[in-house]
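**Q** In this text, residue positions in the sequence shown follow our numbering: the first is 1, and each later residue adds one.
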Amino acid sequence: MKYLCVEPGCSMNTTVNRRSRLVYMDHAATTPVRPEVVEEMLPCFTERFGNPSSVYALAREARVTLEKARRQVADAIGANPKEIYFTSGGTEADNWAIKGVAAANRKKGDHIITSAIEHHAVIHTCQSLEKQGYRVTYLPVDEFGRVDPASVEEAITDKTILVSVMTANNEIGTIQPVAEIAKVAHDHGVPFHTDAVQAIGAIPIDVDNMGIDLLSLSGHKFGGPKGTGALYIRDKTRIGTFMDGGAQERGRRAGTENVPGIVGLGKAIELAVAEMPEKSPRLAAMRDRLIKGILETIPETRLNGHPTERLPNNVNVAFRYVEGESILLMLDALGIAASTGSACTSASLEPSHVLVACGLPHEEAHGSLRLTLGSRNTEEDVDYVLEVLPRVIERLRRMSPLSPERYA
Ligand SMILES: *Cc1c(COP(=O)(O)O)cnc(C)c1O
Numbered sequence: 001m002k003y004l005c006v007e008p009g010c011s012m013n014t015t016v017n018r019r020s021r022l023v024y025m026d027h028a029a030t031t032p033v034r035p036e037v038v039e040e041m042l043p044c045f046t047e048r049f050g051n052p053s054s055v056y057a058l059a060r061e062a063r064v065t066l067e068k069a070r071r072q073v074a075d076a077i078g079a080n081p082k083e084i085y086f087t088s089g090g091t092e093a094d095n096w097a098i099k100g101v102a103a104a105n106r107k108k109g110d111h112i113i114t115s116a117i118e119h120h121a122v123i124h125t126c127q128s129l130e131k132q133g134y135r136v137t138y139l140p141v142d143e144f145g146r147v148d149p150a151s152v153e154e155a156i157t158d159k160t161i162l163v164s165v166m167t168a169n170n171e172i173g174t175i176q177p178v179a180e181i182a183k184v185a186h187d188h189g190v191p192f193h194t195d196a197v198q199a200i201g202a203i204p205i206d207v208d209n210m211g212i213d214l215l216s217l218s219g220h221k222f223g224g225p226k227g228t229g230a231l232y233i234r235d236k237t238r239i240g241t242f243m244d245g246g247a248q249e250r251g252r253r254a255g256t257e258n259v260p261g262i263v264g265l266g267k268a269i270e271l272a273v274a275e276m277p278e279k280s281p282r283l284a285a286m287r288d289r290l291i292k293g294i295l296e297t298i299p300e301t302r303l304n305g306h307p308t309e310r311l312p313n314n315v316n317v318a319f320r321y322v323e324g325e326s327i328l329l330m331l332d333a334l335g336i337a338a339s340t341g342s343a344c345t346s347a348s349l350e351p352s353h354v355l356v357a358c359g360l361p362h363e364e365a366h367g368s369l370r371l372t373l374g375s376r377n378t379e380e381d382v383d384y385v386l387e388v389l390p391r392v393i394e395r396l397r398r399m400s401p402l403s404p405e406r407y408a
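Here you go:
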């Protein structure tokens, strides 16, 4: 395969034979399904295709595999299987948690507290509730993207019905003081929801120790299939049903279960949590080498997110004078898949709401680059990124009208 040449003498469109392998560093967007997971799923499409709601042996077998997956998910977060509800992913789990609690508590109150840096699955859900007359407080964060538990305390009123703050941020990797925030909510009798989509398999999660009443997770972020997820609902939490129809998921989320997907979700979460003690420190070492290498070799660069309270696989940096999407295009031409908080080619010209909430000026937020590691990444991948990235940024700065003279 041909890749863009970034050697100093090359012209813009010179290509070279560079590498045959893609360096995939966008695991916060999605992950490949693990072979062990595919293996568990395959029979559920063909021989073991029964509908778990039917009565004969084939169906009972499907019911058994479904309940095994429910236990795998429950065990991964310290929950009871009765408190796990399968969904079509993290987005659905977030929608259900927030809209469901809002609907069930309408008489009690109309106020929801969340943070300014939530995933759009939470932010847009809250905005949609605002249109229906609910009131939402979007808590600010500090420069590292952390929510202050004291700000939750200040925002709570006797009309507050839910506090929802994510466990770890998908863009900048910042880990929130979830247990402390949950405690504040509980001191006021308010349930606590957390979007833990990025945290599963990266940091330990225990719903009891952390005081979590509702938790969203998504299969494709930890080696499971897309279109699978779950909502943990603590026993006795007041929440409406999500989907009306049949009696599936204890009548709260109707529709024939996605048995192969759920089986894959169960296997993937079991593997992810079992491997975490080995994997997280390994990825964190690669993360730190990337961060250090980038900050040392590329001037006028800053680290986004928290320096230590950070997901083990997340690197997010901002380069002055360059535009994130042009970095991505050049990296793509070099066989590297990454992400940015800039969105110049998409419908909105607004940079990431997360980076803006952390106080980055718009120009700098537009020059952000996110690299998120996964188990298949190697030290060679890190070397390769550290080798080409300084040249990519230098070249872009030379072309950028925003650059000062010294980059010409
Ligand atoms: C990916 C993601 C979601 C959405 O999950 P889907 O399964 O893709 O719908 C929600 N929240 C966070 C933090 C995510 O990273």
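Heads up, the beta-carbon is just placed ideally off N, CA and C, and yes, glycines get one too. Quantities reported herein were computed from a predicted structural model and do not represent experimental measurements.
Below 8 Å on the Cβ atoms is my guess for Lys338 versus Leu371; work out the distance and round it to an integer in Å.
**A** As a first step, residue 338 must be located in the sequence shown, where it is residue number 338. As a first step, residue 371 must be located in the sequence shown, where it is residue number 371. Going by the sequence as given, residue 338 is Ala instead of Lys. Yes, Ala338 and Leu371 are in contact; Cβ-Cβ is about 5 Å, under 8 Å.
**Q** Excluding five sequence neighbours on each side, which residues of the same chain lie with their C-beta closer than 7 Å to the C-beta of Ala196?
**A** Taking the sequence shown and counting its residues from 1, one reaches residue 196 at position 196. Closer than 7 Å at the Cβ level, and outside the excluded window around Ala196, lie Thr167, Ile205, Leu215, Ser216 and Leu217.
**Q** For Arg60, tell me which candidate among Lys226, Leu271, Arg48 and Val38 has the shortest Cα-Cα distance.
**A** For this step, residue 60 is matched to residue 60 along the sequence shown. Nearest option by C-alpha distance: Arg48.
**Q** Can you tell me whether DSSP reads Leu271 as helix, strand or coil?
**A** The residue labelled residue 271 in the question sits at position 271 within the sequence shown. Three-state result, Leu271: helix.
**Q** At the level of alpha carbons, what is the spacing between Leu389 and Val165?
**A** Counting from one through the sequence shown, the residue named residue 389 turns up at place 389. Counting from one through the sequence shown, the residue named residue 165 turns up at place 165. Taking the straight line joining both Cα atoms gives about 34 Å.
**Q** According to DSSP, is Ala408 helix, strand or coil?
**A** By 1-based counting over the sequence shown, the position of residue 408 is 408. Ala408: coil per DSSP, three-state reduction.
**Q** Would you decide whether Leu22 is buried or exposed? Buried here means 16 or more other CB atoms lie within 10 Å of its CB.
**A** The count along the sequence shown starts at 1 and reaches residue 22 at position 22. Leu22 comes out exposed.
**Q** Spatial neighbours of Gly211 within its chain, please: C-beta separation below 7 Å, excluding the five flanking residues on both sides.
**A** Working through the sequence shown from its first residue, we reach residue 211 at position 211. So the qualifying residues of the chain are Ala179, Ala182, Lys183, His186 and Phe192.
**Q** Kindly list the residues whose CB is nearer than 7 Å to the CB of Gly324, restricted to its own chain and excluding five residues on each side of it in sequence; keep chain order.
**A** By one-based count along the sequence shown, residue 324 stands at place 324. Only Thr340, Gly341, Ser342, His366, Gly367, Ser368 and Leu369 meet the Cβ criterion.
**Q** Cα-Cα, which of Ala79, Gly261 and Lys107 is closest to Pro34?
**A** Taking the sequence shown and counting its residues from 1, one reaches residue 34 at position 34. The question names Pro, yet the displayed sequence has Arg at residue 34. Selected option, being the one with the closest Cα: Gly261.
**Q** How about the region 299-309 and the region 139-147: do they share at least three Cβ pairs that are nearer than 8 Å?
**A** Output reads yes: the region 139-147 touches the region 299-309.
**Q** Relative to the C-alpha of Val259, which candidate in Pro351, Pro225 and Arg252 has its C-alpha closest?
**A** As a first step, residue 259 is located in the sequence shown; it is residue number 259 there, counting from the start. The shortest Cα separation from Val259 among Pro351, Pro225 and Arg252 belongs to Pro225.
**Q** How long is the line joining the alpha carbons of Tyr56 and Ile113, rounded to whole angstroms?
**A** Indexing the sequence shown from 1 puts residue 56 at position 56. Indexing the sequence shown from 1 puts residue 113 at position 113. Whole-angstrom Cα-Cα distance: 47 Å.
**Q** Residue ranges of each alpha helix (DSSP H) run of no fewer than 4 residues wholly in the region 175-262, ordered along the chain?
**A** Listed in chain order, they are 178-187 and 207-210.
**Q** State the Cα-Cα distance for the pair Asp381 and Glu275, rounded to the nearest angstrom.
**A** As a working note, residue 381 is residue 381 in the sequence shown. As a working note, residue 275 is residue 275 in the sequence shown. Distance between the alpha carbons of Asp381 and Glu275 is about 21 Å.
**Q** If you measure between the beta carbons of Ser400 and Val315, is that distance less than 8 Å?
**A** For the purposes of this step, residue 400 is identified with residue 400 of the sequence shown, where counting begins at 1. For the purposes of this step, residue 315 is identified with residue 315 of the sequence shown, where counting begins at 1. The answer is no: Cβ separation not under 8 Å.
**Q** Three-state secondary structure (DSSP) at Phe319?
**A** The count along the sequence shown starts at 1 and reaches residue 319 at position 319. In this structure, Phe319 counts as strand in the three-state DSSP scheme.
**Q** Less than 8 Å between the beta carbons of Asn105 and Ile161, yes or no?
**A** Here residue 105 refers to the residue found at position 105 of the sequence shown. Here residue 161 refers to the residue found at position 161 of the sequence shown. Yes. Within cutoff.
**Q** Please confirm if the region 227-246 is in contact with the region 82-99, defined as three or more CB-CB distances below 8 Å between the two stretches.
**A** Yes: at least three Cβ pairs fall under 8 Å.
**Q** Among Leu373, Phe45, Gly266 and Lys108, which has the Cα closest to the Cα of Glu67?
**A** Numbered from its first residue, the sequence shown carries residue 67 at position 67. Comparing Cα-Cα distances from Glu67 to each of Leu373, Phe45, Gly266 and Lys108, the minimum goes to Gly266.
**Q** Pull up the distance between the alpha-carbon of Ile77 and that of Ala408, whole angstroms please.
**A** The count along the sequence shown starts at 1 and reaches residue 77 at position 77. The count along the sequence shown starts at 1 and reaches residue 408 at position 408. So the alpha carbons of these two residues sit roughly 53 Å apart.
**Q** By the 10 Å Cβ neighbour count, where 16 or more other Cβ atoms means buried, how is Glu278 classified, buried or exposed?
**A** To locate residue 278, count along the sequence shown from 1; it is residue 278. It counts as exposed.
**Q** Taking Glu171 and Ser352 to be in contact with their CB atoms under 8 Å, please state how far apart those CB atoms are, rounded to whole angstroms.
**A** Along the sequence shown, one-based indexing puts residue 171 at 171. Along the sequence shown, one-based indexing puts residue 352 at 352. With a Cβ gap of about 6 Å, Glu171 and Ser352 count as contacting.
**Q** Taking the runs of the beta strand (DSSP E) that are 3 residues or longer, which of them lie wholly in the region 94-135?
**A** Runs found: 111-115.
**Q** If you compare alpha carbons, which of Leu373, Lys292 and His124 is closest to Ile98?
**A** Looking up residue 98 in the sequence shown gives position 98. Minimum Cα distance to Ile98 is reached at His124.
**Q** Would you check whether ligand 1 has a heavy atom nearer than 7 Å to the C-beta of Val354?
**A** To locate residue 354, count along the sequence shown from 1; it is residue 354. Answer for Val354: no, Cβ out of range of ligand 1.
**Q** Can you check which of these residues, Ala74, Arg398, Val163 and Asp383, is closest to His188 by C-alpha distance?
**A** Numbered from 1 along the sequence shown, position 188 holds the residue referred to as residue 188. For the residues Ala74, Arg398, Val163 and Asp383, the minimum Cα distance to His188 belongs to Val163.
**Q** If you follow the beta strand (DSSP E) that Leu303 is in, where does it begin and where does it stop?
**A** Looking up residue 303 in the sequence shown gives position 303. Looking at the DSSP string, the run of the beta strand (DSSP E) that includes Leu303 is Thr301 to Leu303.
**Q** Confirm the yes/no value for this check: CB of Ser218, any heavy atom of ligand 1, distance under 7 Å.
**A** For the purposes of this step, residue 218 is identified with residue 218 of the sequence shown, where counting begins at 1. Yes; taking the cut-off as 7 Å, the Cβ of Ser218 has a heavy atom of ligand 1 nearer than that.
**Q** Checking 8 Å against the spacing of the C-beta atoms, do Gly100 and Phe242 come in under that value?
**A** Walking along the sequence shown from the start, residue 100 turns up at place 100. Walking along the sequence shown from the start, residue 242 turns up at place 242. The answer is yes: Cβ separation under 8 Å.
**Q** Note down the Cα distance separating Tyr301 from Arg282, rounded to an integer number of angstroms.
**A** As a first step, residue 301 is located in the sequence shown; it is residue number 301 there, counting from the start. As a first step, residue 282 is located in the sequence shown; it is residue number 282 there, counting from the start. Reading off the sequence shown, one finds Thr at residue 301, where the question assumed Tyr. Each residue's Cα considered, the two are about 25 Å apart.
**Q** When DSSP builds the beta bridges, which residues end up paired with Val163?
**A** Here the question's residue 163 lines up with position 163 in the sequence shown. For Val163, which the question treats as bridged, DSSP gives the partners Ile113 and Phe192.
**Q** Please return the same chain residues whose Cβ sits closer than 7 Å to the Cβ of Gly293, not counting the five positions on each side in sequence.
**A** Against the sequence shown, residue 293 aligns to sequence position 293. So the list reads Leu386, once near-sequence residues are dropped.
**Q** Alpha carbon to alpha carbon, what distance is there between Pro404 and Ile200?
**A** Residue mapping note: residue 200 aligns to position 200 of the sequence shown, counting from 1. Residue mapping note: residue 404 aligns to position 404 of the sequence shown, counting from 1. Computed Cα separation, rounded: 43 Å.
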